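Novice: The numbering used here applies: residue 152 is where the sequence shown begins, and numbers increase by one.
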Amino acid sequence: MGSEKGKKINKELWYAIYVRSRHEKKVYDLLTEDGITSYLPVERKLKLWSDRKKWVTEPLFRSYVFVFINIADYPVYLKVLQTEGVVKFVRFGGVPVPIPEKHMEAIRIYEKSGEFISEEEEQELKVGDEVEVIGGALKGVFGRLVEIRKKRKVRIMIDGLNQSVYVDIRKSFLKPTNTNT
């Protein structure tokens, strides 16, 4: 049983690193140059100024970059930490927490899909509701409704890794899980 635990540590897994504000792209580039597999999920947003509109690419998770490393390989671990702009690994109980591959795949799918589009009838939801994503790239993920953003969009909080991720999503892709009926 103890050897199972050792095997898991001695292989490459995904980890989240916290980086200085607005340094995500720079950290990603530096890690890639150093030969470290890294991932910076991005989204396109339309920015509006008084005189113009422009599509820009922004990080999906501000101040976070993901790395695929063997955490037991100390020189690589140290290289990540010493990369300019890196603050720390996301930890729980003082130990860097690996991110399950299925979560990374969900992020990749979400990133590729862009904005969800649906004309389905929407559920009546309120802030605080526990919800399940029933459509789109994050199907099967559970979260809590934290904000109603627009007529058809809401923000949900997805817990994991002792951190919370906020995702804007269409109401039609959610169903409440805490109904008392």
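We treat Cβ as the ideally placed atom computed from N, Cα and C, and that holds for glycine. Since we're looking at a predicted model, the values are computed, not measured.
#1: For Val282, which residues in the same chain have their Cβ closer than 8 Å to its Cβ, ignoring the five residues on either side in sequence?
#2: Restricting to Cα atoms, I'd like to know which of Val231, Arg213 and Leu197 is closest to Val207.
#3: Please classify Leu325: does DSSP put it in a helix, a strand, or coil?
#4: Is the number of C-beta pairs between the segment 220 to 239 and the segment 256 to 263 that are closer than 8 Å three or more?
#5: Kindly indicate which three-state DSSP category Glu273 falls into: helix, strand or coil?
#6: Among Leu289, Lys176 and Arg213, which has the Cα closest to the Cα of Lys253?
#7: Distance check for Arg300 and Glu284, CA to CA, integer angstroms please.
#8: Candidates Ser323, Pro192 and Phe217: which alpha carbon is nearest Val231's?
#9: Measure from the alpha carbon of Val278 to the alpha carbon of each residue in Lys304, Pro249 and Ser264, then state which is nearest.
#10: So if DSSP puts Gly294 in a beta bridge, which residue, or which two residues, is it bridged to?
#11: Can you name the residues that DSSP bridges to Phe243?
#12: Rounded to the nearest angstrom, how far is the Cβ of Phe240 from that of Val316, given a contact under 8 Å?
#13: Could you pull the start and end residues of the beta strand (DSSP E) that Phe230 belongs to?
#14: Within the continuous beta strand (DSSP E) that includes Lys196, where are the two ends?
#15: Which of the three DSSP states, helix, strand or coil, is assigned to Asp319?
#16: Residues in the same chain with beta-carbon distance under 8 Å from Glu163, minus the five sequence neighbours each way, listed in chain order, please.
#17: Lys204 to Glu194, Cα distance in whole Å?
#18: Taking just the CA atoms, how far does Lys176 sit from Glu184?
#19: Identify the residues that DSSP records as bridge partners of Val178: which are they?
Specialist: Looking at the atomic coordinates:
#1: Locating residue 282 in the sequence shown gives position 131, where the first residue counts as 1. Taken in chain order, the residues that qualify are Leu276, Phe293, Gly294, Arg295, Leu296, Ile307, Leu325, Lys326, Pro327 and Thr328.
#2: Stepping through the sequence shown from its first residue, residue 207 is reached at position 56. The residue with the shortest Cα to Cα distance from Val207 is Leu197.
#3: Within the sequence shown, the letter at position 174 stands for residue 325. Reduced to three states, the DSSP call for Leu325 is strand.
#4: no
#5: Counted from its first residue, the sequence shown places residue 273 at position 122. Interpretation of Glu273 is limited by its pLDDT of 48, a score under 50 that renders its predicted location unreliable; the figure taken from the coordinates is listed afterwards. Residue state, collapsed to three classes: coil.
#6: Start at 1 with the first residue of the sequence shown, and residue 253 comes out as number 102. Nearest option by C-alpha distance: Leu289.
#7: Against the sequence shown, residue 284 aligns to sequence position 133. Against the sequence shown, residue 300 aligns to sequence position 149. Glu is not the amino acid found at residue 284; the sequence shown has Val there. So the alpha carbons of these two residues sit roughly 17 Å apart.
#8: One-based indexing of the sequence shown puts residue 231 at position 80. The candidate whose alpha carbon is nearest that of Val231 is Phe217.
#9: To locate residue 278, count along the sequence shown from 1; it is residue 127. Nearest of Lys304, Pro249 and Ser264 to Val278, Cα basis: Lys304.
#10: Counting from one through the sequence shown, the residue named residue 294 turns up at place 143. For Gly294, the pairing in a beta bridge is given by DSSP as Val282.
#11: Position 92 of the sequence shown, counted from the first residue, corresponds to residue 243. DSSP lists Val246 as partners of Phe243.
#12: For the purposes of this step, residue 240 is identified with residue 89 of the sequence shown, where counting begins at 1. For the purposes of this step, residue 316 is identified with residue 165 of the sequence shown, where counting begins at 1. Wrong, their Cβ atoms sit about 17 Å apart, outside the cutoff.
#13: As a first step, residue 230 must be located in the sequence shown, where it is residue number 79. Per the sequence presented here, residue 230 reads as Lys, with Phe not at that position. Going by DSSP, Lys230 is part of no beta strand (DSSP E) but of the alpha helix (DSSP H) stretching over Tyr225 to Leu232.
#14: Indexing the sequence shown from 1 puts residue 196 at position 45. Residues Val193 to Leu199.
#15: If you number the sequence shown from 1, residue 319 lands on position 168. In this structure, Asp319 counts as strand in the three-state DSSP scheme.
#16: Here residue 163 is taken as the residue at index 12 of the sequence shown, counted from 1. The answer, listed in chain order, is Thr188, Phe219, Ile220 and Asn221.
#17: One-based indexing of the sequence shown puts residue 204 at position 53. One-based indexing of the sequence shown puts residue 194 at position 43. Spanning the two alpha carbons is a distance of roughly 16 Å.
#18: As a working note, residue 184 is residue 33 in the sequence shown. As a working note, residue 176 is residue 25 in the sequence shown. Straight-line Cα distance between these residues: approximately 12 Å.
#19: Counting from one through the sequence shown, the residue named residue 178 turns up at place 27. None; Val178 has no bridge partner.
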